[in-house]
Amino acid sequence: MSNILIVYFSRKGENYWNGSIRNLRKGNTEIVAEMIADLTGGDLFEVETVKPYPEEYYACTDEAKEELREKARPELKAYPDSLDGYDTIYVGYPNWWGTMPMAMFAFLEHYDWSGKRILPFCTNEGSGMGGSERDLKNVCTGAVVERGLSIHGAEAADSGKKVEAWVKEEA
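The opening position of the sequence shown corresponds to residue 1 in the UniProt record's numbering, with each subsequent residue numbered one higher.
Laid out in structure tokens, this is it:
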């Protein structure tokens, strides 16, 4: 087992893409997470909800907005048994309504983050990291939350050099 974990939430299917809706076979955040795993040798863990989000993009964004309003914590399919063997954890997610999807909050609140180093990365269509770095610091008490990496979702597949530069800078 590596001492690096890359945990991420990603959404394939209908996504907003440079001003239009496009059907993605692989989510943008998953693409970036896999790049980070290749660069670091870290272990990958995908956060998945028990109840899938709607396939239709606008229905999904409506549900995500309602979850944020309610501070919902969707039930997740699985959690790693422990994070004890990891000291560096990359946390990836799309920017939904200015922060992480509520599924990520459900995941993060499940663990003690004392002594961990968190490197956030976020895919978005122009909203950057939003308030997610602040939210990570609030949820992951005891962890050091480093400067995040914002990747334009439509450019995720072509962001290898940007991802590599950030991983090397933060190593």
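We put the beta carbon where it would ideally sit given N, CA and C, even for glycine.
- Cys-140 sits in coil when the DSSP states are folded into three classes, being neither helix nor strand.
- Only buried fits Glu-67, as 16 or more other CB atoms lie within 10 angstroms of its CB.
- The Cβ atoms of Val-47 and Leu-5 do not sit closer than 8 Å to each other.
- At the C-beta level, Tyr-8 and Tyr-111 stay beyond 8 Å of one another.
- The Cβ-Cβ distance between Lys-116 and Ile-89 falls below 8 Å.
- If you look at Glu-66, you'll find it in the alpha helix (DSSP H) that goes 57-70.
- Under the three-state reduction of DSSP, Val-145 is assigned to strand.
- In this structure, the beta-carbon distance from Glu-14 to Tyr-57 falls below 8 Å.
- No Cβ-Cβ contact shorter than 8 Å links Ala-59 with Leu-44.
- The C-beta distance from Lys-12 to Gly-27 rounds to 5 Å, short enough to fall under 8 Å.
- Straight-line measurement puts the Cα of Ala-72 at about 31 Å from the Cα of Asn-3.
- When beta bridges are read from the DSSP output, Pro-94 appears opposite Thr-123.
- Residue burial is scored here from C-beta neighbours: Thr-29 has at least 16 other C-beta atoms within 10 angstroms and is therefore classed as buried.
- Judged by DSSP in its simplified three-state form, Ser-20 adopts strand.
- In terms of Cα proximity to Glu-55, the closest of Leu-83, Asn-95 and Tyr-16 is Tyr-16.
- The residue from Gly-85, Ala-37, Ile-118 and Trp-113 with its alpha-carbon nearest to that of Gly-148 is Ile-118.
- Per DSSP, Leu-83 lies in no beta strand (DSSP E) segment and is marked neither H nor E.
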